[in-house]
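Chains as they are written, first to last, in my numbering: chain Y, 12 to 678; chain S, 42 to 141.
Ideal Cβ placement from N, Cα and C applies to all residues, glycine included.
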Amino acid sequence: MTFIEYTWLIPLLPIVGLLLAAAFGKRTPEGGGYFVVASVAAACALALLVAYEFFTGDGAPVFASQVWIDLGTINGTQYQFEMGYYVDYLTALLLIVVSIICTLIVVYSLGYMHEEGERKRRYYVEIALFVTGMLGMVVASNYLTAFVFWEIMGLCSYLLIGFWYYKPSAARAAKKAFLTTRIGDISFMLGIIALFGAFGTLNYHQLFDPAFTESFNVDYGLLLFAMLCFFGAAIGKSAQFPLHDWLPDAMEGPTTVSALIHAATMVNAGVYLVARSYPLMVQTPEVMIVIAAIGGFTAFFAATQALNNFNIKRVLAYSTISQLGLMFMALGCGGYIIATAGVDEHLLEVGNVGYMAGVFHLMNHAFFKGLLFLSAGAVIHAVHTEDMKKMGGLSKKLKITSLVMLIGCLAIAGIPPFSGFWSKDLVLESALSAAGVNTWFWLLYIGGVVVTFMTAFYMFRLWFMTFKGEESEAAHHAHEAPAVMWVPLAILAVAATITGLFLLGPDGGLPAVIYTVSPEGIAIPGETLGLGWIERFFTAWPTYLSLAMAVGGIGVAYLAYSKKTLSLEFFVKGSSKKVYDVVQRRYYFPEFYDFVGEKGMYGLARLVDWIDRRVVDGVVNAIAQVAVGTSGKVRRVQTGYTQTYAAVVVAAVSVILVLLYIFTGAR
Amino acid sequence: MIPQEYFMVLGGVLFAIGAFGVLTRKNAIVVLMCIEIMLNAANINFVTFAVFSGNATGQVFALFSIAIAAAEVAVGLAILLNLQRLQDTIELQDLNTLRW
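This is how it looks when you write it as structure tokens:
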């Protein structure tokens with residue numbers, strides 16, 4: 012145990028790069044980008060060493076922390092908050108994923124942002140701060156520290172989405188992202204307060220210990236509330252229904268930012284939060300149903316919107332929302348099974364597959380979505396437009412890009428042996444298992460299968476529209492991206508191909524994603540299948556169903572957008588045009604947000620303003636008015652006539668004398 | 042010997058006359074004179090008590106009082122002189138600018 016002791020350095024290293032870039036960015040090439048690349052790479056190296064050490068260790072969580080804030084003891088509760096690191100399987104896995112992808116994206120930025128000029132320094136500083144936020148959130152040892160880094164990420168997403176702030180649409184998108192995720196942040200804060208009220212601590216190592224939590228006789232309602240709030244936070248950060256609409260707009264930022272924040276890391280923070288809180292969440296089956304339902308619905312809902320969008324990045328944004336929905340669905344289904352399993356060891360094992368599927372999909376998705384976004388960035392870099400109608404026939408000019416993007420599309424569509432296949436099938440399997448416990452989960456399974464079809468369709472629609480068909484105007488001037496851009500793409504393409512195969516590794520396949528202890532404190536046996544997973548997948552009918560769906564989706568996209576023998580025009584005409592328009596208008600969600608914002612929140616703000624002006628200020632003003640009015644009357648006593656004053660004095664003295672005579676007598 | 046009460050009554054009557062004058066007369070000089078009457082009423086009382094108690098303190102006090110009254114008249118007349126110059130009047134009912 013040597014490297015793990017330095018886990019706390021991982022989020023601090025990018026800060027060094029940040030400071031160097033901020034101080035010397037104007038005088039160094041690429042606006043100090045090399046400092047940031049070096050520091051993020053150093054953080055990545057350390058993260059990989061820590062993860063390696065952890066995976067070769069005994070698997071027990073490693074944690075250490077120091078007192079950060081000590082408010083003393085109030086009413087018998089010790090208000091003491093710590094700051095530190097906590098490394099377990101989930102942390103180690105996320106460290107690998109986040110640090111590798113961040114490094115590749117920062118390297119890619121050197122090429123992509125090359126022409127930005129003066130603003131590059133700001134870009135690299137903000138990116139470094141963002142990486143710090145995500146890494147800090149991952150290694151944090153308690154919810155409060157995690158919340159701090161969570162907020163840093165929120166800030167950075169605002170800054171980076173609004174990177175081209177002189178464009179009104181970008182400024183609007185940044186505001187929208189910030190305000191929408193803020194709802195989730197408030198929910199997170201409420202959850203933390205409720206949790207602290209319940210257990211008097213926010214440290215993971217205490218909260219995740221069933222022996223510790225059972226020693227409290229915690230009110231179930233309070234725990235339920237806290238867990239719902241945590242999921243509310245995840246909804247905001249991971250763009251789930253009904254707070255999903257900021258993510259498509261967030262595509263206003265540079266593509267590297269989209270890749271970093273909105274595919275590979277920030278949106279994963281919500282999933283990470285749910286996976287992290289699993290030991291607490293599985294005690295509340297209701298929350299698990301909510302997670303599964305919202306996840307499943309979002310997966311379906313977002314996928315439909317990707318079907319007819321013509322902006323290459325927006326399609327990817329919707330697919331991100333949809334895939335995140337699948338992760339939540341898996342986590343919810345698995346958690347529901349674990350929550351209702353009690354001491355049934357078989358059910359616990361089945362439920363664990365859901366947890367595994369969610370985290371596994373998180374990892375695979377991070378790689379292939381990072382790949383897809385960066386490939387899209389290379390395309391945009393080459394043709395200077397995001398409109399897919401103006402692309403087409405690019406495969407001849409952009410050979411490498413078209414190839415790596417094809418790998419990404421195959422991965423997300425779920426074609427074996429690419430990574431998406433393994434995790435997506437596990438997601439569907441967990442939904443199917445949950446359907447065995449509660450028949451309502453059949454809806455989620457069917458939805459998931461349909462999503463598989465839609466995913467394959469819209470991803471290959473994107474690919475065929477961009478790279479196949481007749482060569483467009485823009486394609487003539489297109490040129491392949493520089494090496495600093497395509498090398499990260501190639502690495503990500505390799506990752507998108509192989510990460511799914513980690514499932515087949517020795518030592519219980521993917522030990523990283525096994526959630527080990529049930530709420531009753533029973534150790535859950537890991538799925539030590541190894542290569543047996545292949546047999547398990549290919550002897551079950553659902554695998555073939557989803558595979559058929561994926562191939563079907565690709566086939567329809569091929570016929571419609573490459574061979575053009577199948578016309579989908581009937582969606583744009585006649586009675587189905589209305590449906591088409593509704594989807595194109597994003598189910599009127601921007602309007603709904605505006606309505607809530609203008610009518611609801613602005614109305615509330617006006618009411619509060621009225622109360623402030625009329626009631627609060629009114630009371631103060633009324634007191635002042637009374638004083639002014641009374642003194643206005645009373646001051647008339649001062650007539651200015653000396654003799655009146657003298658008369659008053661004489662009269663008063665006389666009265667006093669008389670009173671003295673009456674009360675004390677003549678002495 | 043004249044009894045003490047007679048002196049006391051004289052003092053009281055003089056004081057009352059002075060106070061009445063202060064409250065009713067319009068001319069500031071007359072008011073000043075009335076104040077002198079009130080002071081002298083007090084002096085009579087001082088002297089009376091001094092004589093009848095066989096203690097000289099009252100006599101001394103009366104002397105002080107007369108000295109101070111002289112000074113007061115000097116200051117008062119100076120004020121009135123300036124009033125006449127600045128406001129062209131020393132009628133008290135016209136001098137009411139120091140008010141609300």
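Alpha-carbon spacing of residue i relative to residue j, whole angstroms
i, j, result
"residue 654(Y)", "residue 75(S)", "13 Å"
"residue 366(Y)", "residue 291(Y)", "13 Å"
"residue 564(Y)", "residue 469(Y)", "8 Å"
"residue 247(Y)", "residue 559(Y)", "34 Å"
"residue 482(Y)", "residue 405(Y)", "7 Å"
"residue 13(Y)", "residue 480(Y)", "56 Å"
"residue 344(Y)", "residue 553(Y)", "16 Å"
"residue 177(Y)", "residue 37(Y)", "21 Å"
"residue 593(Y)", "residue 54(Y)", "45 Å"
"residue 79(Y)", "residue 153(Y)", "11 Å"
"residue 672(Y)", "residue 629(Y)", "50 Å"
"residue 186(Y)", "residue 615(Y)", "20 Å"
"residue 118(S)", "residue 129(S)", "15 Å"
"residue 487(Y)", "residue 66(Y)", "50 Å"
"residue 204(Y)", "residue 212(Y)", "10 Å"
"residue 520(Y)", "residue 543(Y)", "Annotation note: pLDDT 48 at residue 520(Y) (below 50); position unreliable, coordinate value reported separately. The straight-line gap from Cα to Cα measures roughly 9 Å."
"residue 460(Y)", "residue 502(Y)", "30 Å"
"residue 442(Y)", "residue 504(Y)", "29 Å"
"residue 637(Y)", "residue 65(S)", "37 Å"
"residue 281(Y)", "residue 633(Y)", "50 Å"
"residue 145(Y)", "residue 371(Y)", "18 Å"
"residue 42(S)", "residue 93(S)", "11 Å"
"residue 106(S)", "residue 664(Y)", "21 Å"
"residue 511(Y)", "residue 87(Y)", "50 Å"
"residue 556(Y)", "residue 547(Y)", "15 Å"
"residue 103(Y)", "residue 215(Y)", "15 Å"
Contact set between residue i and chain S, taken where Cβ atoms lie within less than 8 Å
i, result
"residue 658(Y)", "64"
"residue 646(Y)", "141"
7 Å Cβ cutoff met for residue i and residue j
i, j, result
"residue 374(Y)", "residue 324(Y)", "no"
"residue 472(Y)", "residue 568(Y)", "yes"
"residue 341(Y)", "residue 307(Y)", "no"
"residue 492(Y)", "residue 418(Y)", "no"
"residue 462(Y)", "residue 310(Y)", "yes"
"residue 293(Y)", "residue 249(Y)", "no"
"residue 18(Y)", "residue 100(Y)", "no"
"residue 80(S)", "residue 111(S)", "no"
"residue 94(Y)", "residue 156(Y)", "yes"
"residue 386(Y)", "residue 415(Y)", "yes"
"residue 256(Y)", "residue 604(Y)", "yes"
"residue 265(Y)", "residue 174(Y)", "yes"
"residue 514(Y)", "residue 438(Y)", "no"
"residue 430(Y)", "residue 422(Y)", "yes"
"residue 244(Y)", "residue 347(Y)", "no"
"residue 112(Y)", "residue 275(Y)", "yes"
Amino acids of chain S, ordered along the chain, whose beta-carbon sits closer than 9 Å to that of residue i
i, result
"residue 679(Y)", "With chain Y covering 12 to 678 only, the question about residue 679(Y) has no answer from this structure."
Beta-carbon neighbours of residue i, restricted to chain Y and to distances below 9 Å
i, result
"residue 133(S)", "652, 653, 654"
Chain Y residues whose Cβ lies nearer than 7 Å to that of residue i
i, result
"residue 139(S)", "651"
Q) Which residue spans inside the segment 80-128 of chain Y form an unbroken beta strand (DSSP E) run of at least 3? A) 88-98
Q) Taking the runs of the beta strand (DSSP E) that are 3 residues or longer, which of them lie wholly in the segment 42-107 of chain S? A) none
Q: Could you pull out every unbroken beta strand (DSSP E) segment of at least 3 residues lying fully inside the segment 375-417 of chain Y, listed in chain order?
A: none
(Q) Under 8 Å: do the segment 311-321 of chain Y and the segment 192-204 of chain Y share three or more Cβ pairs, one atom per stretch? (A) no
Q) Contact between the segment 25-45 of chain Y and the segment 133-143 of chain Y: three or more CB pairs below 8 Å? A) yes
Q.
List, from N- to C-terminal side, the alpha helix (DSSP H) runs of 4 residues or more that fit wholly inside the segment 275-338 of chain Y.
A. 277-287, 289-292, 296-317
Q) Could you give the uninterrupted runs of the alpha helix (DSSP H) lying entirely in the segment 601-660 of chain Y, keeping only those of 4 residues or more? A) 613-621, 628-645
Q.
When you compare the segment 221-232 of chain Y with the segment 155-165 of chain Y, are there three or more beta-carbon pairs, one atom per stretch, that lie closer than 8 Å?
A. no
Q.
Taking 8 Å as the cut-off, does the segment 101-117 of chain Y touch the segment 256-275 of chain Y (at least 3 CB pairs, one atom from each stretch)?
A. yes
(Q) When you compare the segment 98-117 of chain S with the segment 50-60 of chain S, are there three or more beta-carbon pairs, one atom per stretch, that lie closer than 8 Å? (A) no
Q | 4 or more residues per run - each alpha helix (DSSP H) lying fully within the segment 407-470 of chain Y | A | 410-424, 430-448
Q. Using 8 Å as the Cβ pair cut-off and three pairs as the minimum, do the segment 329-338 of chain Y and the segment 376-388 of chain Y touch?
A. yes
Q. Whole alpha helix (DSSP H) runs in the segment 174-239 of chain Y with 4 or more residues, listed along the chain?
A. 179-210, 215-218, 221-225
Q. If we count Cβ pairs, one from each stretch, closer than 8 Å, do we get three or more for the segment 79-96 of chain S versus the segment 43-52 of chain S?
A. yes
Q: Could you tell me which uninterrupted beta strand (DSSP E) segments, each at least 3 residues in length, are contained entirely in the segment 237-266 of chain Y, listed from first to last along the chain?
A: none
Q: At 4 residues or longer, and completely inside the segment 140-179 of chain Y: list those alpha helix (DSSP H) runs for me, N to C.
A: Runs of the alpha helix (DSSP H) spanning 4 or more residues and lying entirely within the segment 140-179 of chain Y occur at 154-172, in chain order.
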